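Okay, so here's the structure we're looking at.
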Amino acid sequence: MLSAMPECAGSARVCWRAGRHPQYTKCMDEGLQSACYAWPNGWVRPETDLLPSHDNMNLLLPPSLEHLQRHSVPQAERKLAERFCLNWDSQMQDWDITNANAELLPVVLGALEDTALTDDELYSLMALTIASADEALQLSMDSQGSLASLATFLRQRPSFYASAIKYWAEPALRKLDKEEQFRISEFMANVWNQILPELKSN
Numbered sequence: 011m012l013s014a015m016p017e018c019a020g021s022a023r024v025c026w027r028a029g030r031h032p033q034y035t036k037c038m039d040e041g042l043q044s045a046c047y048a049w050p051n052g053w054v055r056p057e058t059d060l061l062p063s064h065d066n067m068n069l070l071l072p073p074s075l076e077h078l079q080r081h082s083v084p085q086a087e088r089k090l091a092e093r094f095c096l097n098w099d100s101q102m103q104d105w106d107i108t109n110a111n112a113e114l115l116p117v118v119l120g121a122l123e124d125t126a127l128t129d130d131e132l133y134s135l136m137a138l139t140i141a142s143a144d145e146a147l148q149l150s151m152d153s154q155g156s157l158a159s160l161a162t163f164l165r166q167r168p169s170f171y172a173s174a175i176k177y178w179a180e181p182a183l184r185k186l187d188k189e190e191q192f193r194i195s196e197f198m199a200n201v202w203n204q205i206l207p208e209l210k211s212n
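Numbering (my numbering) for the sequence shown: 11 to 212.
Written out as structure tokens, the structure reads:
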């Protein structure tokens with residue numbers, strides 16, 4: 011268990027490596043549902059300075075695009091968790107990051123073509139796919155083919171996936187230091203810049 015910086019101090023603190031991302035460790039005060047993050051060089055900032063949670067991804071979209079806001083819903087996550095034998099509970103936050111698995115990437119990419127998926131299931135599956143692609147990059151796995159397929163899926167439905175694309179792209183779009191970005195942030199920022207003209211025209 012890690013020690014928190016004073017402004018994040020609290021009782022019943024639980025710390026875990028969120029989604030196996032080496033960039034940070036997330037700590038949660040049970041009951042308060044507040045969190046702060048440890049970065050490689052120690053505790054540097056509270057969660058409020060970082061990206062909002064997936065539930066608040068609309069905060070990342072420009073006002074003119076707020077109508078495109080979507081987020082992953084528990085019912086869809088639970089169904090996908092059963093299908094792919096993943097972790098799920100009703101209180102889980104950032105389900106996609108928690109369940110990110112580079113070895114699962116080819117499977118979830120293929121599942122994106124499943125026409126039986128509901129829109130909610132498809133969006134949650136895409137969120138899991140992006141998180142798994144990010145982990146593949148962290149592990150220096152050969153993922154160029156998977157990234158090309160991922161970009162194709164994202165560009166096929168830019169309005170539908172706008173929230174997810176912007177979330178993962180945001181650190182690169184903000185030009186944060188490399189260690190404060192997801193490994194996939196620059197890739198997603200390129201996708202965002204490619205689809206933005208179409209989003210604005212619709």
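The beta carbon of each residue, even a glycine, is placed where N, CA and C say it ideally should be.
This one's a predicted model, so the numbers in the text were calculated from it and none came from an experiment.
Taking a contact to mean a Cβ-Cβ separation below 8 Å, would you say residue i touches residue j in this structure?
i, j, result
"Val83", "Ser150", "no"
"Leu119", "Ser159", "yes"
"Ile194", "Asp124", "no"
"Ser142", "Leu96", "no"
"Ala199", "Leu183", "yes"
"Leu205", "Pro168", "Reading the sequence as shown, one finds Ile at residue 205 and not Leu. Yes, Cβ-Cβ distance for Ile205 and Pro168 is below 8 Å."
"Leu157", "Phe197", "yes"
Can you tell me whether DSSP reads residue i as helix, strand or coil?
i, result
"Ala158", "helix"
"Asn203", "helix"
"Glu87", "helix"
"Pro72", "coil"
"Ala121", "helix"
"Trp98", "coil"
"Ser82", "coil"
"Leu209", "helix"
"Ala14", "Below a pLDDT of 50, predicted positions are generally treated as unreliable, and Ala14, at 37, falls in that range; no measurement from the model is reported."
"Leu127", "coil"
"Val24", "Because the pLDDT of Val24 is 38, which lies under 50, any placement of that residue in the model is unreliable, and the number read from its coordinates should be weighed accordingly. Here Val24 sits in strand by DSSP."
"Ala110", "coil"
Report back the beta-carbon spacing between residue i and residue j to the nearest angstrom; my notes put them in contact at under 8 Å.
i, j, result
"Ala112", "Ala146", "4 Å"
"Lys188", "Leu70", "No, Lys188 and Leu70 are not in contact; Cβ-Cβ is about 20 Å, not under 8 Å."
"Pro181", "Gln191", "4 Å"
"Glu87", "Trp105", "5 Å"
"Asp130", "Gln85", "7 Å"
"Trp178", "Ile140", "6 Å"
With three or more C-beta pairs closer than 8 Å as the rule, is the segment 168-179 touching the segment 75-82? A contact exists between the segment 75-82 and the segment 168-179.
Any alpha helix (DSSP H) of 4 or more consecutive residues that is wholly inside the segment 129-200: For the segment 129-200, whole alpha helix (DSSP H) runs of length 4 or above, ordered along the chain, are 129-148, 154-166, 168-183.
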